[in-house]
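Enquirer:
There are 2 protein chains.
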Amino acid sequence: MPARAHRSDAVANRERIVAAARAALADSNGAAGELSLHLVAKAAGVGQGTLYRHFPSREHLLAEVYRQEMGELAGAVPPLLAEYPPLDALTRWLDRLIEYARVKRGVMAAIEASAWQDLYAGHHGRLDEALTTLLDRGKAAGELRADVDATDVILLLGALSRVPEAEWDARARTLVAVIVDGLRRR
Amino acid sequence: MPARAHRSDAVANRERIVAAARAALADSNGAAGELSLHLVAKAAGVGQGTLYRHFPSREHLLAEVYRQEMGELAGAVPPLLAEYPPLDALTRWLDRLIEYARVKRGVMAAIEASAWQDLYAGHHGRLDEALTTLLDRGKAAGELRADVDATDVILLLGALSRVPEAEWDARARTLVAVIVDGLRRR
DNA sequence: ACCTGAACACCGTTCAAGT
DNA sequence: ACCTGAACACCGTTCAAGT
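Those protein sequence lines, which keep their order, are chains A and B.
In terms of the numbering used here, the first sequence has 147 at position 147, counting the first letter as 1, and numbering is strictly consecutive.
In terms of the numbering used here, the second sequence has 59 at position 59, counting the first letter as 1, and numbering is strictly consecutive.
1. Since ASN13 of chain A contacts ARG105 of chain A with CB under 8 Å, what's their CB separation in whole angstroms?
2. When we look at the beta-carbon of GLU72 of chain B and count the other beta-carbons within 10 Å, is it buried (16 or more) or exposed?
3. In angstroms, rounded to a whole number, what distance separates the CA positions of ALA189 of chain A and VAL148 of chain B?
4. By the DSSP assignment, the alpha helix (DSSP H) with HIS60 of chain A in it spans what residues?
5. Rounded to a whole number of angstroms, what is the C-alpha to C-alpha distance between THR133 of chain B and LEU97 of chain B?
6. Out of B:PRO86, B:GLY33, B:ALA89 and B:GLN68, which has the shortest C-alpha to C-alpha gap to ALA110 of chain B?
7. Quick one: list the residues of chain B neighbouring ALA159 of chain A, beta-carbon separation under 7 Å, in chain order.
8. Name, please, each residue of chain B whose Cβ falls closer than 9 Å to the Cβ of LEU183 of chain A.
9. Between the segment 52-63 of chain A and the segment 6-24 of chain A, are three or more C-beta pairs nearer than 8 Å?
10. Buried or exposed, going by whether 16 or more other CB atoms sit within 10 Å of the CB of ASP95 of chain A?
11. Between the alpha carbons of LEU175 of chain A and ARG7 of chain B, how many angstroms are there, rounded?
12. When you compare each of A:VAL107, A:PRO79, A:VAL11 and A:TYR84 to LEU25 of chain A by their alpha carbons, which one comes out closest?
13. For the alpha helix (DSSP H) holding PRO86 of chain B, just list the boundary residues, first then last.
14. For ALA177 of chain B and VAL77 of chain B, I'd like the C-alpha separation in whole angstroms.
15. Below 7 Å on C-beta distance, what does ASP147 of chain B contact in chain A?
16. Name the chain B residues that come within less than 8 Å of GLY33 of chain A, Cβ to Cβ?
17. On the three-state DSSP scale, how would you describe ARG22 of chain A?
18. Between which two residues does the alpha helix (DSSP H) containing LEU156 of chain B stretch?
19. Under 8 Å between the Cβ atoms of ALA32 of chain B and LEU80 of chain B?
20. Can you tell me whether ARG137 of chain A is helix, strand or coil according to DSSP?
21. So, MET70 of chain B versus ARG126 of chain B, is the Cβ gap smaller than 8 Å?
22. So, helix, strand or coil for ARG184 of chain A, using DSSP?
23. Are the C-beta of ARG105 of chain B and some C-beta of chain A separated by less than 8 Å?
24. Output needed for TYR48 of chain B: all residues of its chain with C-beta closer than 6 Å, excluding positions within five of it in sequence on either side, in chain order.
25. Show which residues of chain A have a CB atom less than 9 Å away from the CB atom of ARG186 of chain B.
26. Considering only the beta carbon of each residue, do GLY158 of chain A and GLU112 of chain A sit closer than 8 Å?
27. Taking 8 Å as the limit between beta carbons, can you name the residues of its chain near ARG173 of chain B, skipping five residues before and five after?
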């Protein structure tokens with residue numbers, strides 16, 4: 001279905017709101033609870049009512065912010081699968097995730113948020129889809145256990161979002177190693 | 001060091017505040033963000049200032065609530081270790097955790113909170129201590145990998161706290177199975 | 001159609017006044 | 001020492017009035 005036509009000022013406002021929210025989250029180290037919608041509206045140069053017209057709840061706004069973070073990650077999967085065997089592709093993709101999240105804290109917040117299935121399940125099917133492909137290939141090759149799905153992996157990866165920044169380098173790799181080993185077929 | 005003497009009304013107030021907070025959390029399905037301190041004070045029959053005297057921040061109050069949830073879980077470890085080999089003891093303890101959390105949602109919130117090391121690290125050494133014992137025994141027996149600590153396990157178990165209630169039975173066991181397999185020595 | 005911003009209800013936090 | 005509750009600043013949300 002084709003996107004409906006929108007007034008150009010509405011489109012511009014929407015973009016400025018999301019940009020302001022991303023900037024605010026980047027400043028506050030990505031803690032979603034500290035996002036003041038009043039301040040986002042002010043920073044975007046719109047009234048509060050406008051913010052609410054576009055995003056009827058804080059979660060709707062965060063969902064859009066996170067959807068933008070997620071694109072690059074999901075897009076990295078197909079080339080990896082083309083070049084490496086499934087388990088290698090998964091390991092390399094997770095290495096990339098660690099490296100990406102090390103500098104950009106919001107990425108982990110996005111992954112954690114994608115676990116609240118209620119609102120987000122539909123929104124970024126992209127990550128879910130990419131992970132499902134990875135897992136299916138691994139299962140078909142007999143390298144991964146058959147009883148896990150993309151949601152399980154996303155839930156487990158959520159552990160990374162609670163690693164304090166100071167311990168990131170020491171702990172992130174260990175956690176991912178445990179998860180990957182746990183996903184292996186025995 | 002012996003506990004300082006407190007006025008009996010202060011002790012009683014503190015207990016009633018914690019009890020009111022636990023009751024409020026039990027009602028709201030354990031979502032810590034929805035705990036209104038105004039309402040907790042009112043339910044406990046104290047002024048807001050009294051709540052703040054005892055718990056200088058929402059987190060301090062939650063820490064006490066969670067500390068109480070944690071006791072039983074940690075206490076179950078020594079008997080299990082006395083009766084079973086390390087890996088069996090770990091598996092059985094996690095089974096108990098799943099069963100316990102199935103009916104009492106606050107338990108998972110408590111475990112998740114214990115990952116914010118800043119405030120909680122000292123407070124419930126009990127869970128940390130119990131898990132460290134379990135892991136050390138397993139490492140000594142050559143059954144568990146040597147590069148994980150109790151914090152890693154707590155972080156991974158945090159995945160359970162984001163499993164929607166409707167999916168609990170189907171997903172909790174799988175997640176724990178993946179975690180246990182990941183902790184095994186290869 | 002869409003936008004604005006005052007207004008409302010609520011929350012965390014403080015503090016002068018009490019006992 | 002400890003407690004109370006009014007008060008303050010702030011936040012999410014709504015809505016009448018504008019363009």
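The beta-carbon is built from N, C-alpha and C at its ideal position, and this holds for glycine as well.
Expert: With the given structure in hand:
1. No, ASN13 of chain A and ARG105 of chain A are not in contact; Cβ-Cβ is about 27 Å, not under 8 Å.
2. With fewer than 16 neighbouring CB atoms inside 10 Å of its own CB, GLU72 of chain B falls in the exposed class.
3. Because chain A in this structure spans residues 1 to 186, residue 189 of chain A falls outside the shown range and cannot be described.
4. Counting along the chain, the alpha helix (DSSP H) containing HIS60 of chain A begins and ends at 58-75.
5. Cα to Cα, the separation comes out at about 16 Å.
6. Nearest C-alpha to ALA110 of chain B among B:PRO86, B:GLY33, B:ALA89 and B:GLN68: B:GLN68.
7. Under the 7 Å cutoff, chain B gives LEU155, LEU156, GLY158 and ALA159.
8. Correct list: VAL178, ASP181 and GLY182.
9. Output reads yes: the segment 6-24 of chain A touches the segment 52-63 of chain A.
10. Label assigned to ASP95 of chain A: exposed.
11. LEU175 of chain A and ARG7 of chain B: Cα-Cα distance of roughly 47 Å.
12. LEU25 of chain A has its Cα closest to that of A:VAL107, out of A:VAL107, A:PRO79, A:VAL11 and A:TYR84.
13. Run containing PRO86 of chain B: 86-103, per the alpha helix (DSSP H) assignment.
14. Their Cα atoms are separated by approximately 19 Å.
15. Around ASP147 of chain B, the beta-carbon contacts reaching into chain A at under 7 Å are THR174.
16. Within 8 Å Cβ-Cβ: GLY33.
17. In the displayed model, ARG22 of chain A falls within a helix according to three-state DSSP.
18. Note, LEU156 of chain B: alpha helix (DSSP H), 150-157.
19. Their beta carbons are not under 8 Å apart, which means ALA32 of chain B does not touch LEU80 of chain B by this criterion.
20. DSSP places ARG137 of chain A in helix when its eight states are reduced to three.
21. Yes, the Cβ-Cβ distance between MET70 of chain B and ARG126 of chain B is below 8 Å.
22. In the three-state reduction of the DSSP assignment, ARG184 of chain A falls in the strand class.
23. Using beta-carbon distances, ARG105 of chain B does not count as an interface residue toward chain A, since no partner is under 8 Å.
24. In the sequence as displayed, the identity of residue 48 of chain B is Gln instead of Tyr. Take GLN48 of chain B, set aside five residues on each side of it, and the residues of its chain with a beta-carbon closer than 6 Å to its own are ALA41, in chain order.
25. Neighbours of ARG186 of chain B on chain A, chain order: ASP181 and ARG184.
26. The answer is yes: Cβ separation under 8 Å.
27. Cβ neighbours of ARG173 of chain B beyond the five flanking positions: ILE98.
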